[in-house]
Every structure is written in C-alpha cells, then in structure tokens.
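Residue numbers (my numbering): 1054 to 1494.
Note that the Cβ used here is the ideal one computed from N, Cα and C, for glycine as well.
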Ligand code: FES
C-alpha cells in the first residue's frame, strides 16, 4: 500500500506546483497588461497635450501674423482670416422674439476690438439641410468686449411654432455649448471713434443692434461725444434693450433717446412708456435738431431706411453724412422711375452690357450706373444668395463664365479665382469681352 501513498503524494506535489505556476504567471500577465494599459493611457494623454499645445501655438501664430498684417495694413481683418470655431456661451431673451447670443472662441484666446457698427459672418449647419447657411449679424455690444462677441437676432416669423430659417433656429433651438464657425468682424458701416462730432442714430426695430454697439463703445471709452438715438418700433413688446438704454441715459449726460411707437399696445401711455406716437419721420427729427448739418447713422427695415434716406436728402443733409447698414435685398438709395438705382458715385460706366445668367437662362441689359450685378440679378428675378452686400462675407460668390467685372466702390475679400462677388461688382469698362458678362447663376 506504500506505493499508493507515494503516487498520491507525488500527484499532490505536481498539482500544487501547477497551481503555483498558473497563479504566478496570471499575476505577472495581469501586471504586464496593467502596465501596458497605463503606458498606453499615458502615451494617449501626452499625445493629447501635445496636440492641444500645437493647436494653441498655431492659433497664437495666426493671431500674431494677423496682428502684424493689421499693423501694416489697418484695413486688414482685425483678428483672423477664414473661419474660426466659437461656442455659444450665453443666451439672453431680449423680447419675446429676440435673443442675444454671446459667442466665445473655442480656442480660449482673446478677441480683438472691432469697430462699433461692424458685423459677424456666421456659417450655420441647420438640422436636415445639406448645405450651410451663411448669415451676417451686427455686433450689438461694446467693441471692448474681448472675451466674447454678442449678436442679437430677431425671429423673423415672430412665433416659436412657425419653424424654419436661421433666425428661428437661433431663437428657439440654439443651446449653450453649441459650436458655430465665424468670420472676423467686418463692414464699412461703423462709428469712427477718432471723430468727436455729435452722432444722430436712427434705428428701426432690430436695426438697433449696430447702433447699440456704437453707444456702448462711446460710453465704455469715456468719450463725451453727444449721441441722440431715435428708435422706431411698433410697441413696447418689440422694444429691444429698453432697460439698458434707460440705464445709460440715467448714467450719462451725452446720450439721449427718443422712442416712437407706431402701434402702441393698450395700456402703453405716450410720455410715460414712449415719447412719440407714430412712425419715425424727418418731421420729428427736425423738431429735435437745430438743422440738417449732422452725421446720421441708420439701420432698420428697407422701407424705413429708404424713406428716411430720401427725406434726409430733401431736408438738406449732405449725402456723405448719411451712413447706413443694408443687409439682404435692401436698396436704400433713391431709385429712378424705372426702378434702377441711380448713378450716385461717378465712375466710367461700361458701354451698355449684356448680362447672361446661364443657369437661369436669362439675359438682361446692364446700362451703366451703380447697379451691381446682384441688384441686376434680383431685379430680373434671378435668385442669388447674399449676406453683407459689402464684399466681405463671400456668400454671393458666383462663377464668372465670361467677361470681366470691376469693383468701383470697395475691394472684395477672399474671392476665388474665376469667381466674382456680384454684390459689389459691375461689368468692367473695356474689359475682356466688354459688352458681355456671363454668370453661373
Ligand atoms: S453678399 Fe457678402 S460678399 Fe456679397
């Protein structure tokens, strides 16, 4: 029987040694695996830090380069070229249908000052739409805000239940933390802060936004420039920045505001809730000013601006004292009886030119003057998207299939080779194929 115990003992020893080997190798393997896991995590972290640092350096470099360009050329973009990612940082409801949006750069770097009155160009990717929508919105806060930019957007439908479009999206769907691509502030409509003459500001509805930026900027700087704001609205429910403007008037002697309600709500009392009943007109402005020799800055709906523009000219305000912002299909300047904008700035017009819109299969005569190719297209029923109408946002960029164009008033920004910006382009006098321009529109 002894040999049985010997065999059993041997088997027990072998089994114990096998177990010991298994446990040891599993432990070692686990340790090796864990060490590998943590090594990988560490490498990943290091890679992330390096990528973030590279991104920060690139952003810094871009800002430095642009700052140098800006110094060399004051007309260069103030902060960056192309698109830059921003985050929705804060949303403030100003009226039942208007929202202010605070946008902070995703890279966390500071923002440069802009000129009060300028606008931002934003690229919206709306749910369910394959192509981005480009829109321009005036900056509505003081130019010294270096951590964020603020825009103020009114829902053009005026009701949350009527869906569609960028202004509805901004008012009812945008949320804190959403991202958006933004171009640097731009635009030729601004208050020149080196001047000290009084500024007369004429706002219609949401057109208050660039004028609010002018007011905030002058007061932020501590300038003593006198400002008088005439604000035309339908009623108090549409009164954007009502409390803020009241506060500013209380605190500063160089800003005054006159509110005109064309259709006040019941319970709103003239002299208490607003100053004048009726549409804002030059008759009213004449009552407040000693004469026409002032600089006027206006922004509002097309009819508001074209009416005031005409009335101010008739009163004797020099045309170069009337400054205005016209986004979208707004033609503010006086029209000839046939609806063609009149020749206001002298330039050598091309001989009568035929403009073909290839995709729309339409041909029209462009007969000189300052009607841009965008004006010509819209007047002819050719659809063409547009944003700033100042050659800055690029949203109207169109392929030039034949002929040449000129830019008599301002030079285009970032136009691709073989394309043009119809919002500021006219057929080029004596250009190649003078007498004919063909656009891919
Ligand atoms: S509409 Fe902005 S560049 Fe033409």
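message: Under 7 Å: does the beta carbon of residue 1474 sit that close to some heavy atom of the ligand FES?
response: Counting from 1 along the chain shown, the entry for residue 1474 is found at position 421. It does: the Cβ of residue 1474 is within 7 Å (strictly closer) of some heavy atom of the ligand FES.
message: Do residue 1138 and residue 1159 count as a contact pair if the criterion is CB distance below 8 Å?
response: Looking up residue 1159 in the chain shown gives position 106. Looking up residue 1138 in the chain shown gives position 85. Yes, these two residues count as a Cβ contact at 8 Å.
query: Across which residues does DSSP place residue 1285 in a beta bridge pair?
result: Residue 1285 sits at position 232 when you count from the first residue of the chain shown. Answer is 1257, 1313.
message: Helix, strand or coil for residue 1480? Go by DSSP, reduced to three states.
response: What you label residue 1480 is simply residue 427 of the chain shown in a count that begins at 1. Residue state, collapsed to three classes: strand.
query: Going along the chain, which residues of its own chain have a beta-carbon closer than 6 Å to the beta-carbon of residue 1121, five neighbours each way excluded?
result: Within the chain shown, the letter at position 68 stands for residue 1121. With a pLDDT of 48 at residue 1121, under the threshold of 50, the predicted position of this residue should be treated as unreliable, though the coordinate-derived value follows. Result list for residue 1121: empty, nothing under 6 Å.
message: As a quick exercise: from 1474, 1256, 1345, 1300, pick the residue whose alpha carbon is nearest that of residue 1314.
response: Counting from one through the chain shown, the residue named residue 1314 turns up at place 261. The shortest Cα separation from residue 1314 among 1474, 1256, 1345, 1300 belongs to 1256.
- prompt: Hey, would you say the C-beta of residue 1186 is under 7 Å away from at least one heavy atom of the ligand FES?
  reply: Taking the chain shown and counting its residues from 1, one reaches residue 1186 at position 133. Every heavy atom of the ligand FES is 7 Å or more from the Cβ of residue 1186, so no.
query: Residues bridged to residue 1202 by DSSP?
result: As a first step, residue 1202 must be located in the chain shown, where it is residue number 149. The partner list for residue 1202 (beta bridge, DSSP) reads 1156.
message: Need the endpoints of the alpha helix (DSSP H) that residue 1358 sits in, please.
response: Against the chain shown, residue 1358 aligns to sequence position 305. Start and end: 1355-1368.
- prompt: Which two residues bound the contiguous alpha helix (DSSP H) that contains residue 1247?
  reply: Against the chain shown, residue 1247 aligns to sequence position 194. Looking at the DSSP string, residue 1247 is not in any alpha helix (DSSP H), and its letter there is neither H nor E.
- request: Could you tell me the boundaries of the beta strand (DSSP E) in which residue 1188 lies?
  value: Within the chain shown, numbered from 1, the residue matching residue 1188 stands at position 135. Residues 1186-1191.
message: Using a Cβ-based criterion (distance less than 7 Å to any ligand heavy atom), does residue 1439 qualify as near the ligand FES?
response: In the chain shown, counting from the first residue as 1, residue 1439 sits at position 386. Yes, the beta carbon of residue 1439 sits closer than 7 Å to at least one heavy atom of the ligand FES.
message: Considering only heavy atoms of the ligand FES, does any lie closer than 7 Å to the CB of residue 1287?
response: Position 234 of the chain shown, counted from the start, is the residue given in the question as residue 1287. No; taking the cut-off as 7 Å, the Cβ of residue 1287 has no heavy atom of the ligand FES nearer than that.
query: Between residue 1156 and residue 1222, which are expected to be in contact by the criterion C-beta below 8 Å, what is the C-beta distance as a whole number of angstroms?
result: Translated into positions along the chain shown, residue 1156 becomes position 103. Translated into positions along the chain shown, residue 1222 becomes position 169. Going by Cβ atoms, the distance from residue 1156 to residue 1222 rounds to 15 Å, so no, they are not a contact pair.
query: Using DSSP with H/G/I as helix, E/B as strand and the rest coil, what is residue 1374?
result: The residue labelled residue 1374 in the question sits at position 321 within the chain shown. Here residue 1374 sits in helix by DSSP.
- request: Please name the residue, chosen from 1307, 1359, 1351, that lies closest to residue 1277 on a Cα-to-Cα basis.
  value: Numbered from its first residue, the chain shown carries residue 1277 at position 224. Nearest of 1307, 1359, 1351 to residue 1277, Cα basis: 1307.
query: Using the rule of at least 16 other Cβ atoms within 10 Å of the residue's Cβ for burial, across every protein chain shown, is residue 1194 buried or exposed?
result: The sequence position of residue 1194 within the chain shown is 141, counting from 1. Classification for residue 1194: buried.
Residues bridged to residue 1418 [DSSP beta-bridge criterion]: For the purposes of this step, residue 1418 is taken as residue 365 along the chain shown, with counting starting at 1. Answer is 1407.
- prompt: Shortest alpha-carbon distance to residue 1319 belongs to which of 1151, 1289, 1311, 1280?
  reply: Residue mapping note: residue 1319 aligns to position 266 of the chain shown, counting from 1. Closest option to residue 1319, Cα to Cα, is 1289.
message: DSSP three-state label for residue 1340, please.
response: By one-based count along the chain shown, residue 1340 stands at place 287. Looking at residue 1340 - three-state DSSP - the assignment turns out to be helix.
query: Per DSSP, which one or two residues make a beta bridge with residue 1330?
result: If you number the chain shown from 1, residue 1330 lands on position 277. DSSP output for residue 1330 lists 1314 as bridge partner(s).
message: Could you check whether residue 1444 and residue 1476 sit closer than 8 Å to each other, using their CB atoms as the reference points?
response: Looking up residue 1476 in the chain shown gives position 423. Looking up residue 1444 in the chain shown gives position 391. Yes, these two residues count as a Cβ contact at 8 Å.
- request: May I ask which residues mark the beginning and end of the beta strand (DSSP E) holding residue 1348?
  value: Numbered from 1 along the chain shown, position 295 holds the residue referred to as residue 1348. Unbroken beta strand (DSSP E) run through residue 1348: 1348-1352.
- prompt: How about residue 1448: is its Cβ closer than 7 Å to a heavy atom in the ligand FES?
  reply: As a position in the chain shown, residue 1448 is number 395, starting the count at 1. Flag set: Cβ of residue 1448 near the ligand FES.
query: Rounded to whole angstroms, how far is the Cβ of residue 1349 from the Cβ of residue 1328, which I believe are closer than 8 Å?
result: As a first step, residue 1349 is located in the chain shown; it is residue number 296 there, counting from the start. As a first step, residue 1328 is located in the chain shown; it is residue number 275 there, counting from the start. That belief does not hold up - the Cβ atoms of residue 1349 and residue 1328 are roughly 19 Å apart, past 8 Å.
query: Given a threshold of 16 other Cβ atoms within 10 Å of its Cβ, counted over all protein chains shown, does residue 1224 qualify as buried or as exposed?
result: Translated into positions along the chain shown, residue 1224 becomes position 171. Result: buried.
- prompt: Is residue 1238 helix, strand or coil when you go by DSSP?
  reply: The sequence position of residue 1238 within the chain shown is 185, counting from 1. In the structure shown, residue 1238 sits in a strand (DSSP, three-state: E or B).
query: Given a threshold of 16 other Cβ atoms within 10 Å of its Cβ, counted over all protein chains shown, does residue 1353 qualify as buried or as exposed?
result: For this step, residue 1353 is matched to residue 300 along the chain shown. Buried, because 16 or more other Cβ atoms sit within 10 Å of the Cβ of residue 1353.
Environment of residue 1335 [buried if 16+ CB atoms lie within 10 Å]: The residue labelled residue 1335 in the question sits at position 282 within the chain shown. It counts as buried.
- prompt: Looking only at its own chain, which residues have a Cβ that is under 6 Å from the Cβ of residue 1481, when we skip the five neighbours before and after it?
  reply: Translated into the one-based positions of the chain shown, residue 1481 becomes position 428. Contacts found: 1457, 1458, 1459.
message: Rounding to the nearest angstrom, what Cα-Cα distance links residue 1494 and residue 1178 in this structure?
response: Locating residue 1494 in the chain shown gives position 441, counting from the first residue. Locating residue 1178 in the chain shown gives position 125, counting from the first residue. Taking the straight line joining both Cα atoms gives about 23 Å.
query: Which first and last residues belong to the beta strand (DSSP E) in which residue 1137 is found?
result: For the purposes of this step, residue 1137 is taken as the residue at position 84 of the chain shown. 1137-1148 is the extent of the beta strand (DSSP E) around residue 1137.
- request: Would you mind sorting residue 1414 into buried or exposed? The rule is 16 or more other CB atoms within 10 Å of its CB.
  value: Residue 1414 sits at position 361 when you count from the first residue of the chain shown. Exposed: under 16 other Cβ atoms inside 10 Å.
message: Tell me which residues share the same chain as residue 1291 and place their Cβ nearer than 7 Å to its Cβ, disregarding the 5 neighbours each side in the sequence.
response: The residue labelled residue 1291 in the question sits at position 238 within the chain shown. Excluding residues within five positions, the ones whose Cβ falls inside 7 Å are 1148, 1258.
- prompt: Is any heavy atom in the ligand FES found nearer than 7 Å to the beta carbon of residue 1443?
  reply: Here the question's residue 1443 lines up with position 390 in the chain shown. Answer for residue 1443: yes, Cβ within range of the ligand FES.
query: residue 1146 and residue 1152 look like a contact to me (Cβ under 8 Å); what is the Cβ gap, rounded to whole Å?
result: By 1-based counting over the chain shown, the position of residue 1146 is 93. By 1-based counting over the chain shown, the position of residue 1152 is 99. Between residue 1152 and residue 1146 the Cβ distance is about 6 Å, and since that is below 8 Å, they are a contact.
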